[in-house]
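If you read the sequences in order, they're chains A and B. FYI, the numbering used here numbers position 71 of the first sequence as 268, with every residue one higher than the one before it. FYI, the numbering used here numbers position 85 of the second sequence as 282, with every residue one higher than the one before it.
There are 2 protein chains.
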Amino acid sequence: MSGYAPSEAARRSGFSLDTLRYYEKIGLLADVERTTGGQRVFTDDDLGWLVLFRCLRDTGMPIAQMRRYAQLARDGEHTADERHELLRHHATQVEEQMRLLQRQYDHLRDKIRFYEQLPATAPDPEAG
Amino acid sequence: MSGYAPSEAARRSGFSLDTLRYYEKIGLLADVERTTGGQRVFTDDDLGWLVLFRCLRDTGMPIAQMRRYAQLARDGEHTADERHELLRHHATQVEEQMRLLQRQYDHLRDKIRFYEQLPATAPDPEAG
DNA sequence: CTCCAACCTGGAGCGCACTCCAGGTCAAGC
DNA sequence: GCTTGACCTGGAGTGCGCTCCAGGTTGGAG
Numbered sequence: 198m199s200g201y202a203p204s205e206a207a208r209r210s211g212f213s214l215d216t217l218r219y220y221e222k223i224g225l226l227a228d229v230e231r232t233t234g235g236q237r238v239f240t241d242d243d244l245g246w247l248v249l250f251r252c253l254r255d256t257g258m259p260i261a262q263m264r265r266y267a268q269l270a271r272d273g274e275h276t277a278d279e280r281h282e283l284l285r286h287h288a289t290q291v292e293e294q295m296r297l298l299q300r301q302y303d304h305l306r307d308k309i310r311f312y313e314q315l316p317a318t319a320p321d322p323e324a325g
Numbered sequence: 198m199s200g201y202a203p204s205e206a207a208r209r210s211g212f213s214l215d216t217l218r219y220y221e222k223i224g225l226l227a228d229v230e231r232t233t234g235g236q237r238v239f240t241d242d243d244l245g246w247l248v249l250f251r252c253l254r255d256t257g258m259p260i261a262q263m264r265r266y267a268q269l270a271r272d273g274e275h276t277a278d279e280r281h282e283l284l285r286h287h288a289t290q291v292e293e294q295m296r297l298l299q300r301q302y303d304h305l306r307d308k309i310r311f312y313e314q315l316p317a318t319a320p321d322p323e324a325g
């Protein structure tokens, strides 16, 4: 229950093999265990981190910031406040992002409604 | 009420001057009017298009697709169905995007809640 | 008429986040 | 032991959406 081949880790995390290697290379994922032959072995812990990275990535956090978070976690328990703050700050960004998305979605629906109030009317304000 | 200098168009649309020029260059914005000296003059119609582009961009539509939409609109009234379909299709993408964002936001809030149920507990599943 | 800030062009460069490649190694199944 | 598919490395390349630049032109204020 705690030793996954690269392909298995990729399957479970939804990241490509190249992305997993990339994340390790840039120091986002901490050094991953290896077999004597040098092949990666991912642990449940690594998988947990990947789930988090997916969450942060999907909500638009830049990699540099994720890396900062990961580094803080590696630095130990005394960085908990800073990590907490980092996530809270990110959450407010996400809230703003959600509001914008909702607003523009509403706008889009208006536009679509326009097409549904055709047929055979005059072109709309932006001729589109 | 219908002739804006580039800087004014930029201010009103929220796009940079470079972006406005870029949008014209790639054929997203139709050829913009010019003074005899060659300087751009944006119309209310152009501004309307920019509002739409902002909506589509903010909701994640790739430029290629926006360009397709704009081209269809230029092609005339008989493309209305296709434009309608394009927007409807995009709207479903946006809905999915919103669901994902909400889901990952909830996940993020859980993570934050974890930090709030400290202090001085054991590290969480992904040690973060 | 002069000045200078705003504008023009074509094209190069950038930042992000991967993605692909060549050339070689590892390890499980037969 | 051999085969073969999964894996390794460093580094180059990609796609997107701008952004910046040099070198020149325009046009309204004074």
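Positions of the beta carbon are idealized from the N, C-alpha and C atoms, including for glycine. Given the structure is predicted, the values throughout are model-derived calculations rather than measurements.
Nearest-angstrom Cα separation, counted from residue j out to residue i
i	j	result
Ala270 of chain A	Arg280 of chain A	7 Å
Arg237 of chain B	Glu205 of chain B	11 Å
Phe239 of chain B	Glu274 of chain B	23 Å
Phe212 of chain A	Gln294 of chain A	24 Å
Leu244 of chain B	Ser210 of chain A	43 Å
Leu249 of chain B	Glu282 of chain A	36 Å
Residue i, enclosing alpha helix (DSSP H) - first and last residue
i	result
Phe250 of chain A	241-255
Leu225 of chain A	Neither: Leu225 of chain A is in no alpha helix (DSSP H) and is coded neither H nor E.
Thr289 of chain B	277-313
Met263 of chain A	260-272
8 Å CB neighbourhood of residue i in its chain, flanking five on each side removed
i	result
Asp228 of chain B	Glu221
Arg251 of chain A	Ser210, Gly211, Phe212
Distance cut-off 6 Å: residue i Cβ against heavy atoms of the ligand ZN
i	result
Arg310 of chain B	The ligand ZN is absent from the structure shown, which contains no ligand whatsoever.
Beta bridge counterpart(s) of residue i as assigned by DSSP
i	result
Tyr201 of chain A	A:Phe239
Arg231 of chain B	B:Arg237
Same chain, Cβ closer than 7 Å to residue i, neighbours up to 5 away in sequence not counted
i	result
Gly224 of chain A	Arg264
Met258 of chain B	His287
Sequence-distant residues of the same chain with beta carbon closer than 6 Å to residue i, five excluded per side
i	result
Gly234 of chain B	none
Val291 of chain B	Thr256
Glu230 of chain A	Val238
Asp241 of chain A	Ser199
Tyr201 of chain B	Phe239
Helix, strand or coil at residue i [DSSP, three-state]
i	result
Ser210 of chain B	helix
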